[in-house]
Each structure stands twice: as structure tokens, then as C-alpha cells.
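J.: Here it is: the structure, laid out below.
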Amino acid sequence: MTMTKFASALAVCTALLTSAVAFAQDKLPNVTILATGGTIAGTGATSTTTIGYTAAKVGVERLIEAVPELKKVANVKGEQVFQIASENMTNDHWLKLAKRVNELLAQSDVDGIVITHGTDTIEETAYFLNLTVKSAKPVVIVGAMRPSTAISADGPVNLYNAVTLAGSKDAVGKGVLVSLNDQINAGRDVTKTNTSTADTFRTPELGFLGYMQDNKAHFYRQVIRKHTAETEFDVSKLDSLPQVDIVYGYANNNRVALDAFVKAGAKGIIHAGVGDGSLSNAMKPGLVEARKAGVLIVRSSRVGNGIVARNGEANDDELDFVVSDTLNAQKARILLMLALTKTTDSKAIQKLFYTY
Ligand code: SIN
Numbered sequence: 428m429t430m431t432k433f434a435s436a437l438a439v440c441t442a443l444l445t446s447a448v449a450f451a452q453d454k455l456p457n458v459t460i461l462a463t464g465g466t467i468a469g470t471g472a473t474s475t476t477t478i479g480y481t482a483a484k485v486g487v488e489r490l491i492e493a494v495p496e497l498k499k500v501a502n503v504k505g506e507q508v509f510q511i512a513s514e515n516m517t518n519d520h521w522l523k524l525a526k527r528v529n530e531l532l533a534q535s536d537v538d539g540i541v542i543t544h545g546t547d548t549i550e551e552t553a554y555f556l557n558l559t560v561k562s563a564k565p566v567v568i569v570g571a572m573r574p575s576t577a578i579s580a581d582g583p584v585n586l587y588n589a590v591t592l593a594g595s596k597d598a599v600g601k602g603v604l605v606s607l608n609d610q611i612n613a614g615r616d617v618t619k620t621n622t623s624t625a626d627t628f629r630t631p632e633l634g635f636l637g638y639m640q641d642n643k644a645h646f647y648r649q650v651i652r653k654h655t656a657e658t659e660f661d662v663s664k665l666d667s668l669p670q671v672d673i674v675y676g677y678a679n680n681n682r683v684a685l686d687a688f689v690k691a692g693a694k695g696i697i698h699a700g701v702g703d704g705s706l707s708n709a710m711k712p713g714l715v716e717a718r719k720a721g722v723l724i725v726r727s728s729r730v731g732n733g734i735v736a737r738n739g740e741a742n743d744d745e746l747d748f749v750v751s752d753t754l755n756a757q758k759a760r761i762l763l764m765l766a767l768t769k770t771t772d773s774k775a776i777q778k779l780f781y782t783y
């Protein structure tokens with residue numbers, strides 16, 4: 428072969444290869460990563476620092492660069508929405524995040540969203556978005572229990588799995604998902620169960636939805652409560668949410684915190700009672716007075732599993748209280764805030780607790 432023939436054959440091969448790569452990339456889903464901080468973006472003084480590190484240090488571009496394998500599963504774009512430890516998450520952050528997620532998912536060139544987040548309040552953000560995202564496209568929230576500088580940091584593999592999941596057709600219509608530790612949990616039901624271990628996220632009793640394995644999502648169940656595009660909540664016109672606070676049940680408790688919340692303007696109170704949401708003699712009169720003053724009262728439980736039975740440990744019909752069904756207190760707070768943007772009717776709000 429002459430040099431000229433060789434050069435033109437090479438040019439043809441290069442062109443074919445370039446278009447094959449472009450074709451493969453066209454086939455990949457487009458996933459946007461919204462970074463909000465947390466341990467997944469945390470740094471420690473040494474590789475063995477897994478306690479006492481600083482959360483929310485590493486920016487989204489570095490998180491993406493640290494996992495070059497992401498390019499094989501999605502066309503990834505990153506956006507730094509906040510850079511905070513998740514104990515500092517507020518209603519205002521949630522409103523901003525939900526609006527941005529809705530904007531992005533309305534675009535035809537976005538197939539799914541991953542949100543990197545501190546693990547401490549992941550379950551709350553997940554449930555808030557589960558009720559306010561207006562799309563069936565996948566939204567996956569991910570975090571890490573070890574900072575990015577630790578040996579065996581769990582962030583990179585969690586991020587890889589989350590991006591794979593967000594780009595998966597199987598995740599469409601499943602509601603907002605939380606994925607860490609090779610497992611897929613539903614935003615409605617997942618909760619953090621251990622202060623520090625990597626397998627902390629669980630859906631006790633009801634069970635997680637599936638696994639991330641072999642670069643694929645494997646689903647075995649789904650939540651039947653309404654979510655995302657099926658909900659009636661619209662954050663597009665909201666700049667704030669009504670004040671709802673949580674009071675806790677314990678032996679020898681009192682109504683001091685409850686009265687302070689009501690005085691500070693709470694429109695709703697979640698009572699995380701002992702057992703099946705029981706009310707102590709010290710707390711009950713405060714809740715009754717608050718209800719008479721127009722504050723919505725939801726009986727939840729500090730137990731963490733099971734249904735709080737309506738008219739069980741209290742006569743809810745007579746007291747005009749609402750029960751939280753299976754929602755824990757922090758999730759009941761989210762539903763009550765959103766419910767109060769629609770109605771103050773306790774019967775209508777009870778219906779919402781049995782719907783979502
Ligand atoms: C946080 O929630 O921001 C800190 C803890 C964590 O991400 O694991």
C-alpha cells in the first residue's frame with residue numbers, strides 16, 4: 428500500500444471511530460448532578476479520619492472527576508446548588524431545590540437527576556421532593572457515610588450507582604429514590620438507622636425496593652402511595668412554607684416546648700408520641716388548647732415503625748386531631764407543611780396522610 432492510500436484508510440478509520448463514539452454517547456442518558464454538600468463532599472485530616480471531618484468542602488466538578496467511570500453510563504453535567512452540611516437544610520433550600528429539579532426535568536435533554544446530599548436529612552429532602560417534583564423521570568438522592576478523603580470512601584461507588592439508576596428506564600415513575608450501599612430505597616419510607624455505618628439507610632419492615640448490581644438497577648417492589656407527578660402540591664408559586672414543629676414524647680415530659688412553638692406562631696404541631704402516639708396527661712391539655720386556637724395537631728410516634736391508629740390512643744374524632752399513618756415525625760412535618768398550603772381542614776388533611 429502506498430503512503431497516500433495508507434493515510435486515506437487511516438482517515439476513514441478515524442472518522443468511523445469518532446462517529447461510533449458520538450453514536451454511543453448519543454445513546455447514553457443525560458443525567459444532571461445537583462450537589463448540595465454533605466459527607467460525600469467532605470474532607471478529613473487523614474485517610475483514617477471518618478469521624479470529626481468537615482462536610483461540604485469538595486465541589487461538584489471534583490466529585491465528577493473522581494469517578495471517570497460515570498462517562499460510560501451517562502452524559503453527566505454538574506451544578507453546585509448549595510454547599511452545606513445537611514443539618515443546615517431549611518424549607519427555603521427545599522423550595523429552591525424542588526424548583527430547580529422541576530425546571531431541569533421539564534427539559535427534553537434531561538433524562539434524570541442525581542442529588543448529592545448529607546445523609547443526616549436525606550430522608551426529609553427525599554420525601555419533600557417525592558411530594559413536589561412534577562415528573563416521572565428518575566430523581567435519585569445519594570450521599571456517603573465516609574468523607575471523600577477516607578480509605579474505602581463510599582461516595583464514588585454510591586455516586587456511580589446513583590447516576591446509573593437515574594439514567595435507568597426502570598427507575599421511571601418510581602418516585603424519588605435514595606441509593607447508597609448498593610440498595611435502592613423509596614423516599615417516602617427510607618430512614619437513617621445508624622449514626623455512622625455505611626449500611627445506615629433502611630426501610631424497616633416495609634423493605635427497600637431493590638439492588639444496584641452489575642451496573643444495573645434491579646427492582647423487586649414499589650411504593651403504592653401517590654408521589655411526584657400524581658400529587659396536588661405545587662411549589663412553583665411558593666416562597667415559604669407554614670411553620671410546623673415537632674414535640675417529643677418521653678417519660679416525665681411537659682408542655683413547655685409545645686407552648687413555646689405555639690407562641691412562636693406554629694401553624695401545625697407533630698407530636699412524636701410514645702408507643703402508638705400516646706399523649707401524656709402533662710402534654711394532652713396543651714395540644715387540646717393549641718387545636719382550639721387553630722393549630723393543626725398530628726399524632727405521630729417516636730417508635731419508627733407501624734401505623735398510628737386513628738381513635739386508638741386518643742379520641743382523634745373528638746379532639747379534631749390527625750394521625751400520621753406510618754410517617755415518622757420528620758416526614759409528617761413535611762406533609763403537614765405542604766398540606767397547609769392547600770387547606771386547614773383537618774378531615775381533608777387526614778385524607779392526605781392516607782394518600783401520600
Ligand atoms: C451531613 O448530613 O451533611 C453530614 C453527615 C453526612 O453526610 O453523612
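Note that our numbering has the sequence shown beginning at 428, numbered continuously upward. For glycine and all other residues, C-beta sits at the position ideal for the given N, C-alpha and C.
Could you compute how far the alpha carbon of Val-448 sits from the alpha carbon of Lys-498?
T.: Confidence at Val-448 is low in this model, with a pLDDT of 48, below 50, so the placement of that residue should be treated as unreliable; the coordinate-derived value is given next. The straight-line gap from Cα to Cα measures roughly 12 Å.
J.: Label Asn-642 either buried or exposed according to how many other C-beta atoms from any shown protein chain fall within 10 Å of its C-beta, with 16 as the threshold for buried.
T.: So Asn-642 ends up on the exposed side.
J.: Answer with buried or exposed for Tyr-677, where buried requires no fewer than 16 other C-beta atoms within 10 angstroms of its C-beta.
T.: Looking at its Cβ environment, which holds fewer than 16 other Cβ atoms inside 10 Å, Tyr-677 is exposed.
J.: Among the candidates Asp-538, Leu-524 and Gly-704, whose CA atom is the shortest distance from the CA of Lys-454?
T.: Selected option, being the one with the closest Cα: Asp-538.
J.: Using the Cα positions of Leu-665 and Ile-776, report the straight-line distance between them to the nearest angstrom.
T.: Taking the straight line from one Cα to the other gives about 19 Å.
J.: Grab the span of the alpha helix (DSSP H) containing Tyr-554 for me, first residue to last.
T.: 549–559 is the extent of the alpha helix (DSSP H) around Tyr-554.
J.: Please name the residue, chosen from Ile-761, Ala-741, Ile-611 and Thr-476, that lies closest to Met-516 on a Cα-to-Cα basis.
T.: When each option's Cα is compared against that of Met-516, the closest is Ile-761.
J.: Looking only at its chain, what residues have a beta carbon closer than 6 Å to the beta carbon of Thr-771, apart from the 5 residues adjacent to it on each side?
T.: Nothing meets the Cβ criterion.
J.: Helix, strand or coil for Leu-490? Go by DSSP, reduced to three states.
T.: Helix at Leu-490.
J.: Quick one: is the Cβ of Glu-551 within less than 7 Å of any heavy atom of the ligand SIN?
T.: No, the Cβ of Glu-551 stays beyond 7 Å of every heavy atom of the ligand SIN.
J.: Compute the Euclidean distance between the alpha carbons of Asp-686 and Tyr-647, then round it to the nearest angstrom.
T.: Going by the C-alpha atoms only, they are around 45 Å apart.
J.: Between Lys-601 and the rest of its own chain, which residues show a CB-CB distance below 6 Å, the 5 nearest in sequence each way excluded?
T.: Result list for Lys-601: Gln-649, in chain order.
J.: Use the C-beta contact count for Leu-464: other C-beta atoms within 10 angstroms, 16 or more gives buried, fewer gives exposed.
T.: Leu is not the amino acid found at residue 464; the sequence shown has Gly there. Buried, because 16 or more other Cβ atoms sit within 10 Å of the Cβ of Gly-464.
J.: Would you say Arg-615 and His-654 are within 8 Å of each other, going by their C-beta atoms?
T.: Contact: yes.
J.: For the segment 620–627 and the segment 516–533, state whether three or more C-beta atom pairs, one from each stretch, are separated by less than 8 Å.
T.: These segments do not touch.
J.: Give me the residue from Leu-461, Thr-466 and Ala-512 with the minimum Cα distance to Val-487.
T.: Checking every option, the nearest Cα to that of Val-487 belongs to Leu-461.
J.: Roughly how many angstroms lie between the CA atoms of Ala-691 and Glu-492, to the nearest whole one?
T.: Their Cα atoms are separated by approximately 46 Å.
J.: Where in the segment 642–721 do unbroken runs of the beta strand (DSSP E), each at least 3 residues long, occur, reported from the N-terminal end onward?
T.: Taking only runs of at least 3 residues, the beta strand (DSSP E) segments lying wholly in the segment 642–721 are 643–646, 671–675 and 695–700.
J.: Ignore the nearest five residues each way along the sequence and tell me which others in Ala-563's own chain have a CB closer than 6 Å to its CB.
T.: Taken in chain order, the residues that qualify are Val-599, Gly-600 and Ala-656.
J.: Alpha carbon to alpha carbon, what distance is there between Asp-609 and Thr-481?
T.: Looking at the two C-alpha atoms, the distance is approximately 25 Å.
J.: Where does the unbroken alpha helix (DSSP H) through Glu-745 begin, and where does it stop?
T.: Taken as a continuous stretch (DSSP letters only), the alpha helix (DSSP H) holding Glu-745 covers 743–746.
J.: Could you give the distance in angstroms between the alpha-carbon of Ala-580 and the alpha-carbon of Met-572?
T.: Between Ala-580 and Met-572, the C-alpha separation is close to 8 Å.
J.: Specify whether the segment 726–735 and the segment 698–708 touch according to this definition: at least 3 beta carbon pairs, one from each stretch, less than 8 Å apart.
T.: Counting Cβ pairs under 8 Å, three or more are found: they touch.
J.: Are Thr-627 and Tyr-783 closer than 8 Å when you measure CB to CB?
T.: Not in contact: Thr-627 and Tyr-783 (Cβ atoms no closer than 8 Å).
J.: Report yes if the CB atom of Ile-568 is closer than 8 Å to the CB atom of Val-590, and no otherwise.
T.: No, they are not a contact pair.
J.: Compute the Euclidean distance between the alpha carbons of Ala-759 and Gly-733, then round it to the nearest angstrom.
T.: Their backbone Cα atoms lie some 14 Å apart in a straight line.
J.: Could you pull out every residue in the same chain whose Cβ sits closer than 8 Å to the Cβ of Arg-652, ignoring the five residues on either side in sequence?
T.: So the qualifying residues of the chain are Arg-615, Thr-782 and Tyr-783.
J.: Do Ala-501 and Pro-456 have their C-beta atoms within less than 8 Å of each other?
T.: Yes, the pair counts as a contact, with Cβ atoms nearer than the cut-off.
J.: Is Gly-702 a contact residue of the ligand GDP, with contact defined as CB to any heavy atom under 7 Å?
T.: Although the ligand GDP was asked about, the structure shown includes only the ligand SIN as ligands.
J.: Would you call the CB atoms of Leu-746 and Arg-718 closer than 8 Å?
T.: Cβ distance < 8 Å, so Leu-746 and Arg-718 count as in contact.
J.: For a test of the three-state rule: what should DSSP assign to Leu-444, helix, strand or coil?
T.: Below a pLDDT of 50, predicted positions are generally treated as unreliable, and Leu-444, at 46, falls in that range; no measurement from the model is reported.
J.: Put Gln-507 into one of helix, strand or coil per three-state DSSP.
T.: Of the three classes helix, strand and coil, the one that applies to Gln-507 here is strand, per DSSP.
J.: Measure from the alpha carbon of Val-485 to the alpha carbon of each residue in Gly-713, Pro-583 and Asn-681, then state which is nearest.
T.: With distances taken between Cα atoms, Val-485 lies closest to Pro-583.
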